[in-house]
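What follows is a set of notes on a single structure, which appears directly below.
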Amino acid sequence: MIPSTGLRRIHGSVNELCSRCGCRSEGESGMKSPAQPDTGARSFVDTLNALGVDHLFLNPGIDVVPIQGAIATYKAQERKTPRVILCPHESVVTAAAHGYAMVSGKPQVVTVFQDVGTLQAGGAIPNLKYGRIPVIMCAGRNPTPNRMNWLQEPCDQRKIMRDYVKWDHEVARNEDISSVLREAFRIASREPQGPVYLSIPRDLLTATNGEQDVTGPDASSIQPGIDTGTLLSVADTLLASESPLIMTAYAGRHPQSVGLLVELAEMLAARVITTDLRMNFPSTHPLCPGIDATKGSSYDHYIPEADVLLLVDYDFPGPRAKQAAPRPDAKIIHIDIEPLKNGKPLWNRTPDVLIEGDSSSILPALTAIIRQRIPATPEARVSDRFARLANEHDKVKNEWRMKARDERSKRPISTEWLCHTLNDALDDDAILVHMAPSNADALAHQIRRTKPGTLYSWGDSAGSMGWPLGAALGAKLAAPEKMVIALIGDGGFIYGCPVATLWSASVHHAPFLSIICNNQSYVSIRELIRAGYGESSVSGEMGFEVGTDFRDLPDFAAIARACRAHGQTVSDPADLPAALKNAIDQVRNGTSAVVDVIL
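Numbering-wise (our numbering), the sequence shown opens with residue 6 and increments by one.
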């Protein structure tokens, strides 16, 4: 036990330390009286209020103390302040902000501790970039007036983030925090949306400010004007096509775009390939052959068949894709906020027509032009094409359905049966957040999503694992009335910091369901090694020796129960429907659930 005199000495030394570094102590209460002048921390909170920020995703550090103190003061005074979402791991807090922004469409704010907190966020940061997610990550910095903590000074803290953000900035002494924060929101919100990074020295949070403008900025994007002549030409090309193909990856980030894509596809009788990054197009629609789980390889054979390709918010295929190229005489029309893809055009070929802008503004204009030009009675060639594609859709869907039913008794449990059973348990409004690469095809075959905002993936094949747990937490906070499900692999569940995530879900009353696709291995890596080095390189004990197979995995269900969540392990396929129903009931009653499915 430390004597009381020792406690007084420690308290005194802390106050002395704060006075030396410029981080002034505000008294043992941690609150200032209302009569004292505003500080940088109060301006920070006032600006969040003005910007309509309802939540602050926080992982604390000593540099964030002034912000926490300002929030405490405001709460004591019954003044407006964002709700603090405390997450005890930086990757979780970042993924949660990602999930909230993804579902709500509103930029979110994260705080972490200096350079080490930034580094600890790790792979959650590239996910923000590749997912086009507007998140403002704020990290503290050692006080500027002195060098007492000089060991950290040589680090270029912002350089850690520079390749993954739209803008990075350290607040200078001659800048006010409010104006910098508003600029960060403007940049993050402008298409293509993405993360920004602010470094805020601790002494600037405690410094007094003059009067500051904390009103919110106009965050709307400045888009090029829509060229009607170009759209008329595009409409003529599409209407004349004998085999039109629409491909999209991100259009569904604007919910209104989904209905427009449906109308456009129906008028043209165009086949639609949609990825699993968003619910861009109903997977049950007759013109959709299925969800492309690998961004361009699952439906490879359709690309050379097309004489016109309309790409709407579509990125280059991921590294796993072996995508065929369009035929040389095919016309490529690309509508995207970033159609040139930073100098990496799709298929190494410049599109015939580039329309740079927000697809949610361009699609209505294009759809209206085509609507005016189509005859009252569809041409026979268009009607025949629609019927042919609808028959193709029904045939493929029936084959997938039969595949799942044929495997309903298979042991270990089949991923097709797992996803088929999950689909039967979901309502139309449920939000599915997924990242299980080796099971992505089964999900694409069996999961039916028909409403905007009900399907989300990790952003890109270049993203980082573990994301669905934190993202599901954020999604539930953004849509508390909806069922949220995270579908994740066993390795991803470990990467996702389940203790930190499930604790956060419990204390913040944001229950969600996690389904673990537990194949006891890195299947994607194992298959690559097998393909390159033969079966003997990964079979038996060799799988563990070369680092593709797990041994003696933790009891994930027990981890869930330790975090006040429901946990169940399922190895018998006959038990799966009841287990999922029970888990969903648990979530509806306010308790998170984890179902560990042994595959």
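We treat Cβ as the ideally placed atom computed from N, Cα and C, and that holds for glycine.
In this text the structure is predicted, and so the values were computed from the model without any measurement.
Beta-carbon proximity of residue i to residue j, cut-off 8 Å
i, j, result
"P71", "T211", "yes"
"N523", "D560", "no"
"I205", "V170", "no"
"A491", "A477", "yes"
"L581", "L423", "yes"
"V592", "M470", "no"
"P457", "P260", "yes"
"I342", "G362", "yes"
"A570", "S511", "yes"
"A445", "D281", "yes"
"V108", "A515", "no"
"I637", "V239", "One cannot answer for residue 637 here, as it falls past the ends of the chain, which runs 6 to 604."
"I141", "F190", "yes"
"M272", "R376", "yes"
"R276", "Y307", "yes"
Spatial distance of residue i from residue j (CA atoms)
i, j, result
"Q573", "A584", "8 Å"
"A298", "T279", "9 Å"
"G122", "E95", "6 Å"
"W405", "A75", "56 Å"
"S365", "V69", "38 Å"
"L533", "I374", "47 Å"
"N147", "D208", "8 Å"
"R283", "H450", "15 Å"
"W472", "L518", "14 Å"
"P333", "V358", "15 Å"
"G539", "R187", "56 Å"
"P93", "D59", "20 Å"
"P287", "R386", "24 Å"
"L351", "R258", "21 Å"
"T426", "K408", "13 Å"
"P112", "I520", "28 Å"
"E31", "N594", "At E31, the pLDDT of 39 sits below 50, so the modelled position is not reliable; the number obtained from the coordinates is stated separately. When rounded, the distance between both Cα atoms is 42 Å."
"T86", "D43", "15 Å"
"A4", "P383", "Lying outside 6 to 604, the shown extent of the chain, residue 4 is not represented and no answer is given."
"C160", "F49", "25 Å"
"P8", "I67", "Confidence in P8 is poor, its pLDDT being 39 and thus under 50, which makes the residue's placement too unreliable to answer from."
"A270", "V528", "36 Å"
Nearest candidate by alpha-carbon position, reference residue i, set the options
i, options, result
"L437", "S303, Q525, E271 and G104", "G104"
"G57", "T44, Q82 and A106", "A106"
"G128", "C502, I76, P112 and A311", "C502"
"D577", "V185, I337 and L604", "L604"
"L1", "A330, A101 and D557", "For the chain, the structure presents residues 6 to 604; residue 1 sits outside this window and is missing."
"L91", "R191, N64 and Q119", "N64"
"V401", "T78, C293 and Q119", "C293"
"K134", "G145, M166 and S388", "M166"
"C143", "T86, A46 and G295", "A46"
"A245", "G264, A274 and E268", "A274"
"S526", "H398, R556 and I520", "R556"
"V263", "I308, T213, D318 and T242", "D318"
"K164", "I182, L203 and R191", "L203"
"E397", "H290, T382, T455 and H425", "H290"
"T253", "L266, T242, D241 and E247", "L266"
"V89", "L460, Q119, L53 and P131", "L53"
"S462", "A483, H439 and S443", "H439"
Beta bridge counterpart(s) of residue i as assigned by DSSP
i, result
"I521", "I493 and D601"
"Q573", "V600"
"P249", "V313"
"I296", "T279"
"M440", "I493"
"A144", "V117 and S204"
"E175", "S204"
"I340", "V317 and I360"
"S526", "D554"
"F62", "I90 and V115"
Close Cβ partners of residue i (< 7 Å) along its chain, the five nearest in sequence each way excluded
i, result
"A126", "E95, S96, T99 and V117"
"A335", "A311, D312, V313 and L314"
"K586", "A430"
"I589", "A430, M488 and L518"
"A562", "G572, Q573, T574, V599 and D601"
"R453", "S288, T289 and N428"
"Q198", "R137, I138 and P139"
"R413", "W422 and P578"
Cβ shell of residue i (< 8 Å), same chain only, five flanking positions each side left out
i, result
"A441", "L448, L492, I493, G494, G497 and C522"
"A370", "I231, T233 and L236"
"V543", "R531, I534, R535, V551, T553 and D554"
"W416", "One point to set straight first is that residue 416 is Arg, not Trp, in the sequence displayed. Here the set comprises S576, D577 and P578."
6 Å Cβ shell around residue i - same chain, five flanking residues per side excluded
i, result
"P309", "A329 and R332"
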